[in-house]
Amino acid sequence: MAATPTSGERHRCRICAGSVRECLDLGSQPVSNTYPKNVSESAVPRFRLAIGVCTTCAMVQQTEQVPAQSMYGAEYPFRTSTSALMSDHFHTTARDIVSKLSGISDPFFVEIGCNDGTLLGRVAGAGIRHLGVDPAGDAAETAVRGGARVMVDYFGETSAKAVRARHGTADVVYSANTISHIGAIDEVFRGLDVLLSRDGAFVVEDRYLADIIEGTYFDQIYDEHIYLFSVRSVSNLASLFGFEVVDAERLGTHGGSMRYTISRRGGRAASPAVAAALALEDRRGLDDPDTYVRFGQRVENTRAELVGLLRDLRTRGASVVGYGATSKSATVLNYCGIGPDLLPFVCDSTPGKQGRLTPGSWIPIRPPEAFVPYPDYALLFAWNHAEEIMSKERAFSEGGGHWITYVPEVRVTSPSR
Ligand code: TMP
Ligand code: ZN
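Start counting the sequence shown at 365; every next residue gets the next number (the numbering used here).
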């Protein structure tokens, strides 16, 4: 099992070709969103999961090549709509977008990574010209069934030219939790340059680096998250392509996210929120490799405590199951070396994951009904949905069950009876 922190090895920045100093190594990890039916090492590609920070553009990024094409095929199982919290968030966001676009005559809206159309369907329902661009075909089919128009493709210069030729320029291009997944992110900005109208806005939401560090959310580091965005690094990235960040709005999703509004340089005045966020990032030392070394030490402590707790519970004969076969759980399970001996199964509401195994740690995934009869303890991997899940499963804690969480540190809840 790999140790943290790392050697401090140098790599070339994926964005600016500057020097990236590696500062955290989470060892050999599988592709996260692949759930095989049997224990099958060959079905789940592995790679070394490590991050570093660029000394030039400040982008925190994975330092190794991630097996990208295998990630977002037709069977990509993630569905936005499985969470009431995320559905609410995207419905509210859609309402805001529709209201902003209502001042423009015949507006055109594009969503990069529309998944099952949770947001796009609402924009479509408001009668706005729109297009989703997403390579995950099965999810896109659901979006289309919900009334949205979708192009099954990766977003980049070529697809943007095709969209522009057919529909004209876009007034708003929106993307949530997607562009940080695209290694060749320069392609996204080249596409944006082709597609965005002169006064248009590119609105991007993603998990926020400052919150990841503060909350020791080490499980937000997995194959799909090639970049961990901050206002500083997104500003530097945008400026390489003639764009700038003009607004930065904190969001509560995924344990802490940021919504960046990006426009063509000089197009709009920047909100004071941008300067405030940059100052906060400086105070938190987000450009300083030592920040990540300390983060790595906290991560090691979490591993020792979590594994110690699970072993102790096994010795005492207590039953423990996992809750939420999240992508995040791949990092936790593989980094901590937790397998079916410590955690016999994980419950998850996603049909495409049920009856399958967690990648690399090979723990069976069962539907939420398998949570009954209740175990003594439940290890909550879907901690970003804690409120929703704990409320849904209130009978578990009322019946004497304990929830185990591991961010920002390992905690065991008292039963609420
Ligand atoms: P996410 O953290 O990437 O959004 O994934 C959440 C996972 O948790 C997803 O596989 C669905 C699962 N889940 C449940 O099993 N029950 C629930 O009530 C919720 C909200 C999510
Ligand atoms: Zn760089």
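Glycine included, each C-beta is placed from N, C-alpha and C at the ideal position.
All of these numbers come straight from a predicted model, not from anything done at the bench.
Between residue 425 and the set 716, 746, 594 and 693, the nearest pair of CA atoms involves 594.
Below 8 Å, too few C-beta pairs join the region 757–770 and the region 567–577 to call them touching: fewer than three. A distance below 8 Å separates the beta carbons of residue 607 and residue 553. A distance below 8 Å between beta-carbons, with the five flanking residues on each side excluded, links residue 514 to the following residues of its chain, in chain order: 478, 481, 484, 495, 496, 497, 498, 504, 507 and 508. Residue 689 has its CB nearer than 7 Å to a heavy atom of the ligand TMP. In terms of Cβ geometry, residue 428 and residue 502 do not form a close pair [threshold 8 Å]. Contact annotation: residue 724 and residue 430 have beta-carbon atoms that are not nearer than 8 Å. By the beta-carbon neighbour count (other beta carbons within 10 angstroms, threshold 16), residue 715 is exposed.
Taking a cut-off of 6 Å from the heavy atoms of the ligand ZN, the residues with a C-beta inside it are 377, 379, 380, 382, 418, 420, 421 and 423.
The beta carbon of residue 545 sits no closer than 7 Å to any heavy atom of the ligand TMP. By the Cβ criterion, the region 585–592 is in contact with the region 540–559, since at least three pairs of Cβ atoms, one from each stretch, lie closer than 8 Å. Taking 8 Å as the cut-off, the Cβ atoms of residue 488 and residue 512 count as close. Counting other Cβ atoms within 10 Å of its Cβ, residue 603 stays below 16 and is therefore classed as exposed. If you look at residue 754, you'll find it in the alpha helix (DSSP H) that goes 750–756.
A distance criterion of 7 Å places the beta-carbon of residue 712 in contact range of the ligand TMP, judged by its closest non-hydrogen atom.
Straight-line measurement puts the Cα of residue 663 at about 12 Å from the Cα of residue 578. A check of alpha carbon separations from residue 490 across 686, 665, 474 and 458 identifies 458 as the nearest. Secondary structure in the region 464–542: the beta strand (DSSP E) runs of 3 residues or longer, each lying completely within the stretch, are 472–476, 493–497 and 534–540 in chain order. The beta-carbon distance between residue 746 and residue 396, rounded to whole angstroms, is 14 Å. This is too long to meet the 8 Å contact definition.
Taking a contact as a CB-CB distance under 8 Å, the pair residue 720 and residue 436 does not count as one, their CB atoms being some 18 Å apart. If only complete runs of 4 or more residues are kept, the region 552–615 shows the alpha helix (DSSP H) at 573–578 and 595–604, in order along the chain. With a cut-off of 8 Å on Cβ pairs, the region 665–683 is not in contact with the region 618–636, counting fewer than three such pairs. Comparing C-alpha distances from residue 626 to each of 773, 659 and 539 shows the shortest one belongs to 539. By the beta-carbon neighbour count (other beta carbons within 10 angstroms, threshold 16), residue 523 is buried. Of the residues 624, 465, 779 and 617, the one whose Cα lies closest to the Cα of residue 639 is 624. Residue 566 places its beta carbon 8 Å or farther from that of residue 610.
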